[in-house]
Amino acid sequence: MTRRLTVVTWNINSVRLRLPIVEKLLAEVQPDVLCLQETKCPDANFPEKALRQAGYEHIAINGQKGYHGVATISRLPINNIERRAFCGIGDSRHIAVDVPFNGASLRLHNFYVPAGGDEPNREINPKFGHKLDFLGEMKDWLTGEETRRPSVLVGDLNVAPYEHDVWSHKQLLKVVSHTPVETDLFETVRDSGGWIDAMRRFTPMEDKLYTWWSYRAKDWSKTDKGRRLDHVWVSEALDHNIRSAKVLRDARGWEKPSDHAPVIAEFEA
DNA sequence: ATGGCGTATGGAATACGA
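Okay, structure coming up:
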């Protein structure tokens, strides 16, 4: 029986280009399940063989050519794979699986929420409207029956909701990812589903917490102008099973890094 | 100085990320 479970979420920004650091993460962290976003890889080209050889034989992918794409890879058997489309668009932005836990299973949702473009105004920027609509559909779907059972929701949600989820609250209030319209909606999505912010359970609200640093900074670590765009939410049924949730900041400095760092969450029955 | 870079596509220059 699976009494302990480690889940990692990571926006990998091309799974094929970064296969070496995916393998490094699997070897060093040895999670039970790894949820990837922005795989940028059609399903036919997904590096399944290499991941199986690393011990992750159970793989669920929802990829498309060029953009987006999510994948959930597991060393435990997975069941009931679901790929949900949002906003009437065929984008590959979600995959859900059942993972064995404590003699039963938990539902694991893996999301890549639209970034939203540059201008935080849906009248002039359709991408921003798409982002808000996507979050709205998440809210309507991920409530009631869908979240009654033990569930985990991870991914690049592309919103940094709290003051200390960004390097400068004041300077980012008009920057997409931290505008009040987004952060208010984000809280509504989380709250209406009864979701718990697992990362903030272990890091005080007044402490800075980031998962993403721009490629454009000369020295990302020194300037440290980060944002918390990647999240781990758990349903109330799993509230007492969360043991830790932390950012693997080191991985942002690995060879040919993603601009996102992995988030590691541990559960125990 | 929140884009200063990086990726996919396609085979150069553009779209996209956040």
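Count along the first sequence from 1, then add 340; that gives the number in the working numbering.
Built from N, CA and C at the ideal position, the CB exists for glycine as well.
Can you give me the C-alpha to C-alpha distance between residue i and residue j, rounded to a whole angstrom?
i: Asp590; j: Pro544; result: 21 angstroms
i: Val492; j: Lys562; result: 33 angstroms
i: Val355; j: Thr346; result: 21 angstroms
i: Ile421; j: Leu482; result: 16 angstroms
i: Ala500; j: His518; result: 5 angstroms
i: Lys565; j: Trp553; result: 6 angstroms
i: Ala577; j: Arg344; result: 16 angstroms
i: Lys380; j: Tyr407; result: 5 angstroms
i: Glu463; j: His470; result: 11 angstroms
i: Met539; j: Val572; result: 6 angstroms
i: Cys375; j: Ser575; result: 18 angstroms
Among the options, which residue has its Cα nearest to the Cα of residue i?
i: Glu388; options: Trp553, Ile401, Glu522 and Lys380; result: Ile401
i: Cys427; options: Pro460, Asp579, Phe468 and Val373; result: Phe468
i: Thr523; options: Asp559, Arg568, Lys558 and Thr349; result: Arg568
i: Asn450; options: Glu485, Leu472, Asn461 and Ile399; result: Ile399
i: Tyr555; options: Gln377, Thr342 and His600; result: His600
i: Asn498; options: Phe474, Pro466 and Tyr396; result: Phe474
i: Gly409; options: Lys364, Gly476, Glu363 and Ala425; result: Ala425
i: Pro460; options: Val516, Tyr452, Glu477 and Asp431; result: Val516
i: Gly476; options: Gln377, Lys558, Ser532 and Asp431; result: Ser532
i: Gly593; options: Gln511, Pro490, Thr551 and Ser575; result: Thr551
i: Phe441; options: Asn581, Lys586 and Ala390; result: Asn581
On the criterion of 16 or more Cβ atoms from any shown chain inside 10 Å, does residue i qualify as buried, or is it exposed?
i: Phe542; result: exposed
i: Arg488; result: exposed
i: Pro602; result: buried
i: Leu446; result: buried
i: Asn353; result: buried
i: Asp458; result: exposed
i: Gly456; result: buried
i: Pro454; result: buried
i: Arg358; result: buried
i: Ile429; result: exposed
i: Ala378; result: The residue asked about is misnamed: residue 378 is Glu in this sequence, not Ala. Classification of Glu378: buried, given that the 10 Å Cβ count is 16 or more.
i: Ala394; result: buried
In its own chain, which residues sit with a C-beta less than 8 angstroms from the C-beta of residue i, not counting the 5 before and 5 after it?
i: Pro520; result: Leu513
i: Asp547; result: His504
Under 7 angstroms Cβ to Cβ from residue i, same chain only, skipping five residues before and after it: list those, please.
i: Thr528; result: Lys479
i: Pro382; result: Gly403, Gln404 and Lys405
i: Ser432; result: Asn402, Gly403, Gln404, His408, Gly409 and Val410
Leaving out five residues before and five after residue i in sequence, what residues of the same chain have Cβ atoms less than 6 angstroms from its Cβ?
i: Glu606; result: Thr346, Arg583 and Ser584
i: Val437; result: Ala400, Thr412, Ile418, Ile421 and Leu448
i: Gly443; result: Met341
Inset, instruction - With a floor of 4 residues, list each alpha helix (DSSP H) that falls wholly inside the region 382-414, ordered by position along the chain. - result: 388-393
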